[in-house]
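A.B. asks: Below is one structure. I have some questions about it.
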């Protein structure tokens, strides 16, 4: 093996673009929570766009490399160390045998990514290496080992600047199938009010803190996607994320754009959320 997990941290796993071919079998998409950062670190290493990366949450992950390679670590603001010395994000790092990388703290955002030259050598399920508990254990454990190709050549070229402003715009949404069933008042509130995230955030769903009373009934089970916003009879809004189920029985009132899913994934509890209805279906509300 090539890499050893010394400390698993929180919710650490192996992720790629996801397994879209499994949806017809009821298998969630999974994949990197923030595909923007995930793709960027792979780009820096000149990897294939869907090369598997380590995804980590907040802090605590510590790993040891057993073979030479190159890595790139990405996230919004991370305190990380290689062999006890601080290193920077979004840079090409030359790894030697027995080097130890530690994620000490994420000061901003939720999810970070460790790309390795040419990705990891791991089993695929429905053409994806993304971890999902139906196929393999969902999180890393101390002592786990993973394989990667030894690489001692050169990697990458000019490192582009990461656009942190990507995360500062409103969340673009489209009308969901049941949006038109909402009262005009509720439609107006959804698009014009500010909301806040609850502390209930995970790979399956993020929840909005505020509730909005409604008279909608549950629907016959229908298809849902990452980014679908469900609206419960109790007035709660649930934003489905990468590990969400593929069908659901709550009204689907809005759908986040792909960029908005990436943005929201990095919002922490109590962060303010404002939806911006896409011009494609944004007649005045």
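Residue numbers (the working numbering): 3 to 287.
Glycine included, C-beta positions come from ideal geometry on N, C-alpha and C.
For clarity, every value in this text was computed on a predicted model and none was experimentally measured.
Looking at the secondary structure, which residues open and close the beta strand (DSSP E) in which residue 94 lies?
C.D. replies: No beta strand (DSSP E) contains residue 94, which DSSP labels as neither H nor E.
A.B. asks: Per DSSP, residue 259 forms a beta bridge with which residues?
C.D. replies: DSSP, once it has assigned bridges, lists no residue as partnering residue 259.
A.B. asks: State yes or no: is the C-beta of residue 94 within less than 7 Å of the C-beta of residue 61?
C.D. replies: No.
A.B. asks: Please classify residue 18: is it buried, with 16 or more other beta-carbons within 10 angstroms of its beta-carbon, or exposed?
C.D. replies: Per the 10 Å Cβ criterion, buried.
A.B. asks: Excluding sequence positions up to five away, which residues of its chain have a Cβ less than 8 Å from the Cβ of residue 289?
C.D. replies: In the structure as shown, the chain starts at 3 and stops at 287, and residue 289 therefore has no counterpart that could be examined.
A.B. asks: Determine the direct distance from the alpha carbon of residue 25 to that of residue 245, and round the result to whole angstroms.
C.D. replies: The straight-line gap from Cα to Cα measures roughly 11 Å.
A.B. asks: Helix, strand or coil: how does DSSP classify residue 276 here?
C.D. replies: Residue 276: coil per DSSP, three-state reduction.
A.B. asks: Go ahead and pull the three-state DSSP assignment for residue 294.
C.D. replies: Given a span of 3 to 287 for the chain in the structure shown, any question on residue 294 remains unanswerable.
A.B. asks: Going by other Cβ atoms of all chains shown within 10 Å of its Cβ, with 16 needed for buried, is residue 162 buried or exposed?
C.D. replies: Classification of residue 162: exposed, given that the 10 Å Cβ count is below 16.
A.B. asks: Let me check one thing: in DSSP terms, what residues is residue 123 bridge-paired to?
C.D. replies: Paired residues: 149.
A.B. asks: Quick one: Cα of residue 167 to Cα of residue 266, how far?
C.D. replies: If you take the alpha carbons of residue 167 and residue 266, they lie about 13 Å apart.
A.B. asks: What three-state label does DSSP hand residue 215 in the structure shown?
C.D. replies: Looking at residue 215 - three-state DSSP - the assignment turns out to be coil, as it is neither helix nor strand.
A.B. asks: To the nearest angstrom, how far is it from the Cα of residue 80 to the Cα of residue 113?
C.D. replies: Cα to Cα, residue 80 sits roughly 10 Å from residue 113.
A.B. asks: Look up residue 209 in the DSSP assignment and give the residues it is bridged to.
C.D. replies: Answer is 240, bridged to residue 209.
A.B. asks: Taking the straight line between their C-alpha atoms, what separation do you get for residue 52 and residue 36?
C.D. replies: Cα-Cα distance, rounded: 13 Å.
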